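K.L.:
Mind looking over this structure? Questions follow.
Number of protein chains: 2
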Amino acid sequence: MEVLKKRVFSLWPPFHRSGAAFFTTKAYSTVPSTQTLSVQQQNREAFRQAVVNTLERRLFYIPSFKIYGGVAGLYDYGPPGCAVKANVLALWRQHFVLEENMLEVDCPCVTPGIVLEASGHVDKFTDLMVKDEKTGACYRADHLLKDFCKDKLEKDHKLSAERAAELRHILAVLDDFSAEELCAKIKEYGITAPDTKNALSNPYPFNLMFQTSIGPSGSSPGYMRPETAQGIFVNFKDLYYYNGNKLPFAAAQIGQAFRNEISPRQGLLRVREFTLAEIEHFVDPEDKSFPKFSDVSDLELYMFPREDQMSGQPTRRITIGEAVSQGIIDNETLGYYIGRVYLFLTQLGIAKDRLRFRQHLENEMAHYSVDCWDAEIESSYGWIECVGIADRSAYDLNAHADRSGVPLVAYEKYQQPREVEKLVVVPVKKELGLAFKGNHRMVVEALEAMGDKEAMEMKASLEGKGECEFRVCALNKVVTIKNSMVSISIEKKKEQQRVFTPSVIEPSFGIGRIIYCLYEHSFYTRPSKGGDEQVNVFRFTPLVAPIKCTVFPLVQNRQYEDVAKQIAKSLTAFGISYKIDVTGTSIGKRYARTDELGVPFAVTVDTTSSVTVRERDSKQQIRVDVDEVASVVKQLTDGTSTWAGVLLRYPAHSP
Amino acid sequence: MEVLKKRVFSLWPPFHRSGAAFFTTKAYSTVPSTQTLSVQQQNREAFRQAVVNTLERRLFYIPSFKIYGGVAGLYDYGPPGCAVKANVLALWRQHFVLEENMLEVDCPCVTPGIVLEASGHVDKFTDLMVKDEKTGACYRADHLLKDFCKDKLEKDHKLSAERAAELRHILAVLDDFSAEELCAKIKEYGITAPDTKNALSNPYPFNLMFQTSIGPSGSSPGYMRPETAQGIFVNFKDLYYYNGNKLPFAAAQIGQAFRNEISPRQGLLRVREFTLAEIEHFVDPEDKSFPKFSDVSDLELYMFPREDQMSGQPTRRITIGEAVSQGIIDNETLGYYIGRVYLFLTQLGIAKDRLRFRQHLENEMAHYSVDCWDAEIESSYGWIECVGIADRSAYDLNAHADRSGVPLVAYEKYQQPREVEKLVVVPVKKELGLAFKGNHRMVVEALEAMGDKEAMEMKASLEGKGECEFRVCALNKVVTIKNSMVSISIEKKKEQQRVFTPSVIEPSFGIGRIIYCLYEHSFYTRPSKGGDEQVNVFRFTPLVAPIKCTVFPLVQNRQYEDVAKQIAKSLTAFGISYKIDVTGTSIGKRYARTDELGVPFAVTVDTTSSVTVRERDSKQQIRVDVDEVASVVKQLTDGTSTWAGVLLRYPAHSP
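Chains as they are written, first to last, in my numbering: chain A, 3 to 657; chain B, 3 to 657.
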């Protein structure tokens, strides 16, 4: 079994880096002066507060277990949030799973230890932690150092230029610090526990998985999965068979993932339980072309290649076709997914000019990674990684094949058998027996297990010097192999097929982060009708909107209420979610309530034969017959009609 | 704080009882003789094996982490299973959430200890376990006793009638056995560990929750939720506000739940992680009528009331309206949900005559439960509880209000203020101070905290004898209260509103169990075309079917493949899932593959202008133009056309 390599856990959400860090990092070409940073920061925070207040007041989110004081990093989706999430996931299924005929699977969250040992999570899925030496309170070591540097830069006006440059440099490279480097800086700057000012322990790794035990005996450790991907990898063999033993194919999974963060910050962006939607696209490493690549090659979007980040360039607009042909994106499959992710996010309502694809720097990627891009969305916290799109080569399948002993490979049948050269190592057991006596079996096994390179070197050495030094691990010593003890030859063989481990291209979506950014991009305020207060509006597309339509009787009377109920019934039959409001509240206030939930259309019953339909952002109204209105709303919400279209077909109504 | 009462954890899946037990239980009126039981059992097991083989071979299910040997009680949904699940959940949302305008929420699986202490799970959510005294292997105590009894009844032909009756009685009452009773029977029958025949420990309770720790300090115990309901209860206050402070309303949640079963059996029916869909309908305890009750009152279905079970009657067919008016079902709201559950399950494809609603016996219900019914579906394992529909009164809200200190109540504003009588207790502090000196504060507090009943008794005693014995808990002693020390009077007060804790009616759906039963009800075999083998078929409705349509070029040629791709593109545009099969396999074999996945329609490209559409169960075919075929399939799958309908519109095709 191969020694476990470190998996770079940068898929999603990043746990070595945080979105906010990018914003203040030299390498990312946006380093405003301390002064402007501070003003910008204040505006951002005020905006964020307005959004978050609206979200919490209208129950898009609820801090979980609130009546018990809540738990950091756990949030509920309330009714409108839950509906938005269901809409986002429905589009995801349509846009990815159905469109590409992906194989969707649904695996448990409870995962036995061995799976996450093989993947590397048990050893490496850690953050560096420090403890308050007196109270035992825990902190993330990098957070404390980051806070210290930012605080100094913002508040210490006597800071020398040299010292400021040093602190800014630390912010830029902090994410690559080892435990020793972090420890040295914490000591050098005299950083103490933020609440008590007590001394801190040295930083040490804390595993971020929630641990549990499977079954009653206590002898089967388990974890709550930190990502959904492993469930797909361990099923590769069955899925390949299901796909008719053909490559390429993609498998997909939507589900909960868990990270026991040391001290969750950034509100809704860094949480302890979240929904991931992951795709594992399995492909022949020798052919990463994509048949439908031309569907996305003309898309022009903001890209931030590695070189531009290093040389301090801004993001550039470039088509995906150019990026692949110039070698900026490694291959067509990766490029295709970048394009599809772009289309998915912008269709949801993410602003095109606040979305960029940032390539990982060399030091962010593991040695086996071919190329890796993050879809980053700009929010009040800075640029936030919301989707990771990585070419992970054959690493994951190899890791599980090694550990489980089950080959996870694909086959390419040749049209004609091909002649290949094979190195054949045949130990001469009699000679080895004479030379090594009781140990000779271990020498035989070690010779048979040699790789091609080692065998070629031995062949050269035997032919040159007649003997060769050879390390036998099982004996823990070096022995001398003579010419007579082994025959190493190159033979020609006919092969019917090629056996190989597929590469994996993995787009991984943090659904909660995408939704939060969507809220920020959709939020605006406008004066109320009287002009005396500001009304909050979410400009959700009909596709995303938690409720598609409200139904208001203009005044409280039995006839109008009956009409409203009749319309409501038709909306249900069409599968359109609505909210009916029969309170006597003024129509302006009821519209405002509706705008704050991002409801795109409001039906007001002001006669028993026809009603008005109001569009949220333009506030324009049309008049439609009662019998027709549900069908008009259906067309508007399923995209078969636009508002501009219905404006031509129905008379405008001026309130 | 009130002493925690035992929550009866019989919602879903049952953990005191198992579906299989019902089948052999006297009280349930189906006690076949030992002989027929055995034959029936064999047929059932053969049928089950055929279903399960098909399900596993076609990846409806995959034992989780199979390459590592799997984990008992954990299963993946493979591609077709995942699609069926998504379809079932989509119907659930449409049928319940949208139709009743429910408030859907989405809460985390990770739950802090205090929430599950308040709900009673930390203390009471246990099964009785025994250990092999030498190997430490764990078993459910009731399973061992049940197996022993069944085994004796089936295999011991010398069994006396008296002894057989005793064993059958044990099977009937086993689920109510205490640890002591189980222990006594295990000792009496000399039951040993099944694998080793070693002696067993005494039975002791094992908590079925997966335990973990939240945050890095290790000081915040957490559990993976055993049900989704608690997330709704703790949010009652916010949801009530969101609903405009009006009752009744229902909240709903779909999500994962976890039970660390001691030794999972019954394959896909008893698992350690599963999807629940739960509804909590909050209602004024004084008015459980339901406005839309008439929508379901004429539905006639199989019911199994408590009395019939006790008196050995079979199930009866009765309308829901009759059942409510006769007092068999406690109230309209409960009756309405029973009707809606019936419609949901039968719309999915559950056979009407293999679905019954069984009322809980008195000893199955907690003291606070008003009424409780299980939707049971007959499968090869016997009658399986798939949905629990319980009126849980105010228990859950009271438990969380007590523990959190946050009132979870509703208000009914009176049109006119109402005059009510209130008992007013006023301690006379001066007299109490003289009598009890330093302790008088505790006496004052105890007097003020008296309940109405206790105060009325004291009033009577003071008026009769002039004094009264009174226990002061804080002092841990009984003191004598004299007439002069307290004034107790009945005063009339005007009240503006009534404050009360709502009752909860809870329909709780085990999605995995429903799906498994649906597989059994949908499965049949028929001879292949040549008649030489049996073909497996799932007769899924278009709504449930994992793939709606397959597309086959009749022979391998470029033109037909292009037509197939064009049709596939139109199907994607309509949002219809399909599978394209361009292999050269015979058309009969391709139909058979498709039947085994339950695909309702197969499009075969046999010309470039028109194609055939085949219906799975009748095997009838029609001929349709290439341009029209996607739209025909769409109508057939979304229910706007029936097969009988299209047969009239398109020419039949005889292969």
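Where is the CB? At the ideal position from N, CA and C, for every residue including glycine. Fair warning: this is a prediction, and the values are worked out from it, not measured in the lab.
Just to confirm before moving on: does the CB-CB distance between GLU275 (chain B) and ALA253 (chain B) stay below 8 Å?
P.N.:
Here residue 275 (chain B) refers to the residue found at position 273 when the second sequence is read from its first residue. Here residue 253 (chain B) refers to the residue found at position 251 when the second sequence is read from its first residue. No, Cβ-Cβ distance for GLU275 (chain B) and ALA253 (chain B) is not below 8 Å.
K.L.:
In whole angstroms, give me the CA-to-CA distance for ASP289 (chain A) and SER221 (chain A).
P.N.:
Here residue 289 (chain A) refers to the residue found at position 287 of the first sequence. Here residue 221 (chain A) refers to the residue found at position 219 of the first sequence. Using only the alpha carbons, I get a separation of about 44 Å.
K.L.:
Between which two residues does the alpha helix (DSSP H) holding GLY435 (chain A) run?
P.N.:
In the first sequence, counting from the first residue as 1, residue 435 (chain A) sits at position 433. First-last of the alpha helix (DSSP H) with GLY435 (chain A): 431-438.
K.L.:
Within its chain, find whatever has a CB closer than 8 Å to the CB of THR482 (chain A); leave out the 5 residues flanking it on each side and keep chain order.
P.N.:
Position 480 of the first sequence, counted from the start, is the residue given in the question as residue 482 (chain A). Same-chain partners within the cutoff: GLU469, CYS470, GLU471, PHE472.
K.L.:
Taking Cβ-Cβ distances shorter than 9 Å, what residues in chain B pair up with HIS402 (chain A)?
P.N.:
Within the first sequence, the letter at position 400 stands for residue 402 (chain A). Residues of chain B passing the Cβ test: ILE69, TYR70.
K.L.:
Could you pull the start and end residues of the beta strand (DSSP E) that ARG142 (chain B) belongs to?
P.N.:
Position 140 of the second sequence, counted from the start, is the residue given in the question as residue 142 (chain B). ARG142 (chain B) -> beta strand (DSSP E) spans 140-142.
K.L.:
Using the DSSP secondary-structure output, state which residues sit across from ASN247 (chain B) in a beta bridge.
P.N.:
Position 245 of the second sequence, counting from 1, holds the residue named residue 247 (chain B). For ASN247 (chain B), which the question treats as bridged, DSSP gives no partner whatsoever.
K.L.:
Looking only at its chain, what residues have a beta carbon closer than 6 Å to the beta carbon of ASN245 (chain B), apart from the 5 residues adjacent to it on each side?
P.N.:
The residue given as residue 245 (chain B) occupies position 243 in the second sequence. Within the same chain, ASN245 (chain B) has close Cβ partners PHE251.
K.L.:
Could you tell me which of A:LEU169, A:VAL426, A:GLY435 sits nearest to MET458 (chain A), measuring between CA atoms?
P.N.:
If you number the first sequence from 1, residue 458 (chain A) lands on position 456. The residue with the shortest Cα to Cα distance from MET458 (chain A) is A:VAL426.
K.L.:
Tell me the start and end of each unbroken beta strand (DSSP E) in the region 441-477 of chain B that is at least 3 residues and wholly inside, in chain order.
P.N.:
You should have 469-474.
K.L.:
Which word fits GLY80 (chain B), buried or exposed, when buried means at least 16 other C-beta atoms lie within 10 angstroms of its C-beta?
P.N.:
Numbered from 1 along the second sequence, position 78 holds the residue referred to as residue 80 (chain B). Answer is buried; the Cβ neighbour count reaches 16.
K.L.:
Could you please give the first and the last residue of the uninterrupted alpha helix (DSSP H) stretch that includes GLY647 (chain B)?
P.N.:
Here residue 647 (chain B) corresponds to residue number 645 of the second sequence, with the count starting at 1. Note, GLY647 (chain B): alpha helix (DSSP H), 645-651.
K.L.:
Would PRO110 (chain B) count as contacting chain A if we go by Cβ distances under 8 Å?
P.N.:
Here residue 110 (chain B) refers to the residue found at position 108 of the second sequence. So yes, PRO110 (chain B) belongs to the interface.
K.L.:
Helix, strand or coil: how does DSSP classify THR137 (chain A) here?
P.N.:
For the purposes of this step, residue 137 (chain A) is taken as residue 135 along the first sequence, with counting starting at 1. Note: THR137 (chain A) maps to coil in three-state DSSP.
K.L.:
Do you know whose CA, among A:LYS494, A:ASN200, A:ASN237, A:VAL626, lies nearest ARG651 (chain A)'s CA?
P.N.:
Within the first sequence, the letter at position 649 stands for residue 651 (chain A). For the residues A:LYS494, A:ASN200, A:ASN237, A:VAL626, the minimum Cα distance to ARG651 (chain A) belongs to A:VAL626.
K.L.:
What does the alpha-carbon distance come out to for the pair MET487 (chain B) and GLU433 (chain B)?
P.N.:
Indexing the second sequence from 1 puts residue 487 (chain B) at position 485. Indexing the second sequence from 1 puts residue 433 (chain B) at position 431. So the alpha carbons of these two residues sit roughly 5 Å apart.
K.L.:
With DSSP as the reference, label SER524 (chain B) as helix, strand or coil.
P.N.:
Position 522 of the second sequence, counted from the first residue, corresponds to residue 524 (chain B). Helix.
K.L.:
Closest to SER197 (chain A) by CA distance: which of A:ASP300, A:LYS133, A:ILE320 is it?
P.N.:
Numbered from 1 along the first sequence, position 195 holds the residue referred to as residue 197 (chain A). Note that residue 197 (chain A) is Asp in the sequence shown here, rather than Ser. Comparing Cα positions, the closest option is A:LYS133.
K.L.:
Look at the Cβ atom of LEU161 (chain B), then the Cβ atom of LYS152 (chain B), and state whether they are nearer than 8 Å.
P.N.:
Numbered from 1 along the second sequence, position 159 holds the residue referred to as residue 161 (chain B). Numbered from 1 along the second sequence, position 150 holds the residue referred to as residue 152 (chain B). Contact flag unset, no.
K.L.:
Quick one: is ASP78 (chain B) near chain A, going by C-beta distance under 8 Å?
P.N.:
Reading the second sequence from its first residue, position 76 is the one you call residue 78 (chain B). Interface residue, yes.
K.L.:
Can you pull the chain B residues whose beta carbon is under 8 Å from the beta carbon of ALA85 (chain A), in chain order?
P.N.:
Counting from 1 along the first sequence, the entry for residue 85 (chain A) is found at position 83. By Cβ distance, chain B contributes GLU106.
K.L.:
Which ranges does the beta strand (DSSP E) cover as unbroken runs of at least 3 residues, wholly within the region 337-418 of chain B, from first to last along the chain?
P.N.:
Here the runs fully enclosed are 357-361, 373-381, 384-393.
K.L.:
May I ask you to list, following chain order, the residues of the region 508-523 of chain B that have a beta carbon less than 9 Å from some beta carbon of chain A?
P.N.:
Answer set for the region 508-523 of chain B: empty.
K.L.:
Determine the DSSP secondary structure at MET211 (chain B), reduced to helix, strand or coil.
P.N.:
Indexing the second sequence from 1 puts residue 211 (chain B) at position 209. If DSSP states are grouped into helix, strand and coil, MET211 (chain B) belongs with coil.
K.L.:
Taking the C-alpha atoms as reference points, what is the distance between LYS415 (chain B) and GLN499 (chain B)?
P.N.:
Locating residue 415 (chain B) in the second sequence gives position 413, where the first residue counts as 1. Locating residue 499 (chain B) in the second sequence gives position 497, where the first residue counts as 1. Between LYS415 (chain B) and GLN499 (chain B), the C-alpha separation is close to 4 Å.
K.L.:
Going by beta-carbon coordinates alone, are ALA632 (chain A) and SER579 (chain A) separated by less than 8 Å?
P.N.:
If you number the first sequence from 1, residue 632 (chain A) lands on position 630. If you number the first sequence from 1, residue 579 (chain A) lands on position 577. No, they are not a contact pair.
K.L.:
Assuming VAL607 (chain A) and TYR562 (chain A) form a contact by the criterion Cβ under 8 Å, report the distance between their Cβ atoms to the nearest whole angstrom.
P.N.:
Within the first sequence, the letter at position 605 stands for residue 607 (chain A). Within the first sequence, the letter at position 560 stands for residue 562 (chain A). 5 Å between Cβ atoms; contact.
K.L.:
Find the nearest neighbour of GLU669 (chain B) within the set B:ARG358, B:ASP373, B:PHE62, B:ALA401, judged by alpha-carbon distance.
P.N.:
Given that chain B is displayed from residue 3 to residue 657, the structure contains no residue 669 (chain B) and the question cannot be resolved.
K.L.:
Quick check on the burial criterion: 16 or more other C-beta atoms within 10 angstroms. Buried or exposed for ASN237 (chain B)?
P.N.:
To locate residue 237 (chain B), count along the second sequence from 1; it is residue 235. So ASN237 (chain B) ends up on the buried side.
K.L.:
Fully enclosed by the region 81-140 of chain A, which alpha helix (DSSP H) runs are 4 residues long or longer?
P.N.:
As far as the region 81-140 of chain A is concerned, its whole alpha helix (DSSP H) runs of at least 4 residues are 81-94, 115-120, 123-126.
K.L.:
Between the region 625-641 of chain A and chain B, which residues of the former have CB atoms less than 9 Å from a CB of the latter, in chain order?
P.N.:
Residues passing the 9 Å Cβ filter: none.
K.L.:
Have a look at LYS455 (chain A) and ALA181 (chain A) and give me their C-alpha separation to the nearest angstrom.
P.N.:
In the first sequence, residue 455 (chain A) corresponds to position 453, counting from 1. In the first sequence, residue 181 (chain A) corresponds to position 179, counting from 1. Computed Cα separation, rounded: 37 Å.
K.L.:
Are the CB atoms of VAL584 (chain B) and PRO555 (chain B) nearer to each other than 8 Å?
P.N.:
Translated into the one-based positions of the second sequence, residue 584 (chain B) becomes position 582. Translated into the one-based positions of the second sequence, residue 555 (chain B) becomes position 553. For VAL584 (chain B) and PRO555 (chain B), yes; Cβs fall inside 8 Å.
K.L.:
If the cut is a Cβ gap below 7 Å, which residues of chain A does PHE260 (chain B) touch?
P.N.:
Mapped onto the second sequence, residue 260 (chain B) falls at position 258. Simply VAL112.
K.L.:
Within its chain, find whatever has a CB closer than 6 Å to the CB of PHE295 (chain A); leave out the 5 residues flanking it on each side and keep chain order.
P.N.:
The residue given as residue 295 (chain A) occupies position 293 in the first sequence. Only GLU334, TYR338 meet the Cβ criterion.
K.L.:
Would you verify that the beta carbon of ARG227 (chain A) is, or is not, closer than 8 Å to some beta carbon of chain B?
P.N.:
Along the first sequence, one-based indexing puts residue 227 (chain A) at 225. Cβ-Cβ to chain B under 8 Å: no for ARG227 (chain A).
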